[in-house]
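A.B. asks: Counting from 1 along the sequence shown, just add 297 to a position and that's the residue number in my numbering.
Quick one: the structure is below, questions incoming.
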Amino acid sequence: MPVVENNNITDAMSLAAVGQLTSTASMAHNLSQCRVLIQKAVKAGAKALFLPEAADYIASSGPESVKLVRSVDESDFVRGLRDEARRHQLPIQVGVHEPGESANKVKNTLLWIDQNGEILQRYQKVHLFDVDIKGGPVLKESDWVERGEQILPPADTPLGKVASAICFDMRFPEISLALRRMGSDIITYPSAFTVPTGKAHWEVLLRARAIESQCYVIASAQVGRHNEKRVSYGHSMIIDPWGRVLADVGEAAQEPEIATAVIDHDLLRKVRTEMPLSRRT
Numbered sequence: 298m299p300v301v302e303n304n305n306i307t308d309a310m311s312l313a314a315v316g317q318l319t320s321t322a323s324m325a326h327n328l329s330q331c332r333v334l335i336q337k338a339v340k341a342g343a344k345a346l347f348l349p350e351a352a353d354y355i356a357s358s359g360p361e362s363v364k365l366v367r368s369v370d371e372s373d374f375v376r377g378l379r380d381e382a383r384r385h386q387l388p389i390q391v392g393v394h395e396p397g398e399s400a401n402k403v404k405n406t407l408l409w410i411d412q413n414g415e416i417l418q419r420y421q422k423v424h425l426f427d428v429d430i431k432g433g434p435v436l437k438e439s440d441w442v443e444r445g446e447q448i449l450p451p452a453d454t455p456l457g458k459v460a461s462a463i464c465f466d467m468r469f470p471e472i473s474l475a476l477r478r479m480g481s482d483i484i485t486y487p488s489a490f491t492v493p494t495g496k497a498h499w500e501v502l503l504r505a506r507a508i509e510s511q512c513y514v515i516a517s518a519q520v521g522r523h524n525e526k527r528v529s530y531g532h533s534m535i536i537d538p539w540g541r542v543l544a545d546v547g548e549a550a551q552e553p554e555i556a557t558a559v560i561d562h563d564l565l566r567k568v569r570t571e572m573p574l575s576r577r578t
C-alpha cells in the first residue's frame, strides 16, 4: 500500500498526486492506465497529477522507439491527456517521446499540461542514461535519444512554481540548485529507474535534492516489467524541503496507483528562513 500524507489543508496548502504505472509499447494501453490515475487523482481532490518519464511508451529497442514516436500534435496519447486535463480541470505533468531532429533519434521530453488542456511547458532531458552495471543492465540512451541543451524556469501552477527535470538529471545537483535560484518551489524528477540503481540510490538522491534545494521533490516512477528486457523500480515519491518522505507508492505493479501529499508553502518559508542557504562557496 502507498504511504500517503493527507493533512488538513489551509490556504497555503495544495494536494499533489504522484502516479505510477507500467508502460508498454502500446500507447492505447498506456493512455488507459493514465486515465485510471487521473480518476484516482480527481477523487482524491488533487490540484495536479505527476506522471512518469516515458509514460507514452517503453520500447524494447532504440529502433522500435523511433518507429513508435509521434509528434505532440499527432499523438493520440497526448491528445487524450489534454482532453482529460480539460475535462477535469486537472493539470498533468507527463513524460513522453517526440521526434528528434535526426531521423534515427527521439527526444525524451516532459510536458506540463495545464487545466485547460494547453501545453504550458516542454522540457527536453539534458543528462542521458548511459550505464553498464556489472550483473545489471547495459543501457546507452544516447544511441537513440537527442540530448536537451537547457533547463527551464519553473512553471506557474496551482501548486506553486514547478520545475522540470527527468530521471538521470537527479544525479547532477547543479540542476536542482539552478532551479532553486530560478524561484522553484517544487522540482520534479519523473523516472524509469532500473531495479539495481533504484535499490541503491533512488530515495537517497531524491532526499538529497530536496534538502540542498529546500524545495519539494516530486518523483513519479515507472514500475514492473515493460518487456522481456526492461523492469523498473517504482517507488514514486513526494519529499518535503526538510528531506522527509511524505508519500511512497511502493513497488506493487498490479494496477496503476497514486499517492498524495500536501504542498505546504508555510513549511517552505519556515525551512528557508530557519536555515538560510543564500551563501555558497
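Every residue gets a Cβ at the ideal spot worked out from N, C-alpha and C, and that includes glycine.
1. Looking at C-beta atoms only, is the number of pairs between the stretch 381-388 and the stretch 405-412 that lie closer than 8 Å three or more?
2. Looking only at its own chain, which residues have a Cβ that is under 6 Å from the Cβ of residue 334, when we skip the five neighbours before and after it?
3. In whole angstroms, what separates the C-alpha of residue 431 from that of residue 561?
4. Can you list, in chain order, the residues of its chain with a C-beta nearer than 6 Å to that of residue 298? Leave out the 5 residues immediately preceding and following it.
5. Please go through the same chain and pick out, in chain order, the residues whose beta-carbon is closer than 6 Å to the beta-carbon of residue 359, but skip the five residues on each side of it.
6. Would you say residue 575 touches the ligand ZN, meaning its beta carbon is less than 7 Å from a heavy atom?
7. Going by Cα to Cα distance, which pick from 384, 512, 438 is closest to residue 478?
8. In the DSSP assignment, find the alpha helix (DSSP H) that holds residue 437 and state where it starts and stops.
9. Compute the distance between the beta-carbons of residue 331 and residue 348, then report whether it is under 8 Å.
10. Residue range of the alpha helix (DSSP H) that residue 493 falls in?
11. Measuring CB atoms only, is the stretch 419-427 touching the stretch 458-477, in the sense that at least three cross pairs come out at less than 8 Å?
12. To the nearest angstrom, how far is it from the Cα of residue 373 to the Cα of residue 415?
C.D. replies: By the coordinates alone:
1. yes
2. 316, 553, 555
3. 42 Å
4. Confidence at residue 298 is low in this model, with a pLDDT of 43, below 50, so its placement is unreliable and the value that follows should be read with caution. Closer than 6 Å at Cβ, skipping near neighbours: no residue.
5. 440, 441
6. With respect to the ligand ZN, the structure offers nothing, as it holds no ligand at all.
7. 512
8. Where residue 437 is concerned, there is no enclosing alpha helix (DSSP H), although the beta strand (DSSP E) it sits in stretches over 435-437.
9. yes
10. 492-510
11. yes
12. 15 Å
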